[in-house]
Amino acid sequence: MKKFRVEVDGEEFIVNIEEIADESGTTVSSAAEKSGQPASTKSKTVSKSTGSTKSKNKKRKESKEELPLDRIASNGDIIAPMPGSILEVDVTKGDSVEKGDLLMVLEAMKMENEITSPKAGTVKEVHVRAGDSVDAEDLLLVLE
Numbered sequence: 034m035k036k037f038r039v040e041v042d043g044e045e046f047i048v049n050i051e052e053i054a055d056e057s058g059t060t061v062s063s064a065a066e067k068s069g070q071p072a073s074t075k076s077k078t079v080s081k082s083t084g085s086t087k088s089k090n091k092k093r094k095e096s097k098e099e100l101p102l103d104r105i106a107s108n109g110d111i112i113a114p115m116p117g118s119i120l121e122v123d124v125t126k127g128d129s130v131e132k133g134d135l136l137m138v139l140e141a142m143k144m145e146n147e148i149t150s151p152k153a154g155t156v157k158e159v160h161v162r163a164g165d166s167v168d169a170e171d172l173l174l175v176l177e
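Under our numbering, the sequence shown has 153 at position 120, and the numbering climbs by one with no breaks.
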């Protein structure tokens with residue numbers, strides 16, 4: 034087993050890596066060295082709190098995601114897509130908004146998620162303010 038120090042986003046992790054053999058008894062790393070290919074195409078992440086590993090199979094989306102259309106009811110309700118804290122609210126009651134305008138910023142898992150307007154309209158009601166904690170499916174604001 035080999036011990037490595039890894040730095041991710043400025044945080045240092047100490048990881049132990051064990052060399053494993055495939056069914057023929059050839060070690061994965063030595064087979065990869067002979068073929069010139071990387072030993073694995075899946076990336077592994079180490080959870081800081083538990084030390085467990087999990088595979089990341091999903092590709093990252095390069096563009097910012099807009100609020101999914103299923104997050105707006107036919108009556109104009111905008112609901113929270115995930116639990117988190119409201120960092121800022123950029124609209125007030127009576128404001129006119131266009132499709133794609135920033136409504137608020139929701140922090141979830143140390144990521145800032147922009148909640149944008151899925152349609153043009155007027156802000157009828159604002160149900161949250163900066164600093165509020167919200168759960169998934171909580172009503173954030175209403176557009177008309």
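Beta carbons are placed, not taken as given, at the ideal position from N, Cα and C, and that holds for glycine.
Looking only at C-alpha atoms, which of the options sits nearest to residue i?
{"i": "Ser166", "options": "Thr155, Gly43 and Met142", "result": "Met142"}
{"i": "Ala54", "options": "Gly43, Val124, Arg38 and Met34", "result": "Met34"}
Per DSSP, which one or two residues make a beta bridge with residue i?
{"i": "Val122", "result": "Met137"}
{"i": "Asn146", "result": "Leu139"}
{"i": "Asp110", "result": "Val175"}
{"i": "Ser57", "result": "According to DSSP, which records beta bridges pairwise, Ser57 is partnered with nothing at all."}
Within 10 angstroms of the Cβ of residue i, are there 16 or more other Cβ atoms? Answer buried if so, exposed if not.
{"i": "Val41", "result": "exposed"}
{"i": "Gly127", "result": "exposed"}
{"i": "Gly117", "result": "buried"}
{"i": "Glu45", "result": "exposed"}
{"i": "Ile50", "result": "exposed"}
Compare the beta carbon distance of residue i and residue j with 7 angstroms and say whether it is the shorter of the two.
{"i": "Ile119", "j": "Met137", "result": "yes"}
{"i": "Leu172", "j": "Gly109", "result": "no"}
{"i": "Ala163", "j": "Val122", "result": "yes"}
{"i": "Val161", "j": "Val124", "result": "no"}
{"i": "Thr149", "j": "Leu135", "result": "yes"}
{"i": "Glu158", "j": "Ile112", "result": "no"}
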